[in-house]
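Here the structure comes first, spelled out in structure tokens, and everything after it is commentary.
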Amino acid sequence: MEEITIIKSEYVTSAVSRKTCPEELLPEIVFVGRSNVGKSSLINSLTNRKSLARTSGTPGKTQTINFFKVTLKTSDDTRHEIYFVDLPGYGYAKTSKTNRKLWAKFIDEYLSSRRDIKFVCQLVDMRHPPMESDLKSFASLVEKNLPVLVVATKSDKLGKTERQKHLDAIKNSLGVDEESILPYSSTKNEGRSDLLDVILNSLIK
Ligand SMILES: Nc1nc2c(ncn2[C@@H]2O[C@H](COP(=O)(O)OP(=O)(O)O)[C@@H](O)[C@H]2O)c(=O)[nH]1
Ligand SMILES: [Mg+2]
15 MEEITIIKSE
25 YVTSAVSRKT
35 CPEELLPEIV
45 FVGRSNVGKS
55 SLINSLTNRK
65 SLARTSGTPG
75 KTQTINFFKV
85 TLKTSDDTRH
95 EIYFVDLPGY
105 GYAKTSKTNR
115 KLWAKFIDEY
125 LSSRRDIKFV
135 CQLVDMRHPP
145 MESDLKSFAS
155 LVEKNLPVLV
165 VATKSDKLGK
175 TERQKHLDAI
185 KNSLGVDEES
195 ILPYSSTKNE
205 GRSDLLDVIL
215 NSLIK
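For what it's worth, the working numbering labels the leading residue of the sequence shown as 15, then goes sequentially.
Next comes the structure, spelled out in structure tokens:
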């Protein structure tokens, strides 16, 4: 496996509409999932930063699309500038129907905006089978022909025997094969080098 390091990461902007997304077009890796699934933690783990994407105990607050500019370096000293794109979390129970519709429209606009999206990480909590909102989100990504990697978060919270059972449940529920699911632990950095590998491969294809 190639040695990939992240040599720089910075917050760029929080977009509230298609028009407020950064003008500069770079390859984008998108992260989507329910509020509290561990999206911010994953971005922090990948970039080796404590609070680049602020993690918070109060879910559903971020209703903006957050862009982080990240520079990857490979062992032969090739550098790649990309964006990590943090979409607002969905499925928070306290959000109104109107809010949910707005969310869907906003995300839809971004995902259809012909930016250079390499793939989307659909985060699901590894401890539970995907919920209705996860299934909907996943289906809409597939419908848009976006490549999707399912990232099963908080893998550290499961024991060895439970892991396989839960992975199978996710696999069956989403109808994907096991290679499309990556277990991840932000506290232990499990899955980090695999995810960096997938990211690099998506850039050089
Ligand atoms: N044990 C464990 N906890 C996690 C992990 N990822 C996130 N968390 C916790 O889950 C909560 C929500 O995480 P956050 O990254 O803010 O979720 P977001 O709303 O999807 O951005 C926080 O209390 C995190 O500390 C993980 O991989 N392992
Ligand atoms: Mg967050």
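Think of the CB as a built atom: it goes at the ideal place given N, C-alpha and C, for glycine as much as any other residue. All values reported here derive from a predicted model rather than from experimental measurement.
- With a cut-off of 8 Å on Cβ pairs, the region 77 to 94 is in contact with the region 17 to 27, counting three or more such pairs.
- Note that the C-beta distance between A166 and L149 is not below 8 Å.
- In the DSSP assignment, L155 falls outside any beta strand (DSSP E) and lies within the alpha helix (DSSP H) extending over E146 to E157.
- Our two residues, F98 and D91, have alpha carbons roughly 21 Å apart in a direct line.
- Going by DSSP, D100 is part of the beta strand (DSSP E) stretching over R93 to D100.
- One alpha carbon belongs to F133, the other to R206, and they sit about 16 Å apart.
- Pairing T88 with I18 gives a Cβ-Cβ distance under 8 Å.
- Residue side-chain check: D170 places its Cβ nearer than 7 Å to a non-hydrogen atom of ligand 1.
- Secondary structure within the region 155 to 179: the beta strand (DSSP E) runs of 3 or more consecutive residues, fully enclosed, are 162 to 167 (chain order).
- For G103, the distance from the CB to the nearest heavy atom of ligand 2 is below 7 Å.
- Under the DSSP definition of a beta bridge, L196 partners with V165.
- For A67, the Cβ falls inside the 7 Å cut-off from some heavy atom of ligand 2.
- H94 and L101 have their C-alpha atoms roughly 22 Å apart.
- Less than 8 Å separates the beta-carbon of S200 from that of S55.
- Linking T34 to I131 through their CA atoms gives a straight-line distance of about 17 Å.
- Judged by beta-carbon spacing, V164 lies within the 8 Å limit of S194, meaning their Cβ atoms are closer than that value.
- DSSP places S23 within a strand segment (E or B) once states are collapsed to three.
- From the listed residues D211, K64, V51 and W117, the smallest Cα separation to P144 is found for V51.
- The Cβ atoms of G189 and S147 do not sit closer than 8 Å to each other.
- Linking S49 to G103 through their CA atoms gives a straight-line distance of about 4 Å.
- Judged by their CB atoms, V46 and L160 are not nearer to each other than the 8 Å cut-off.
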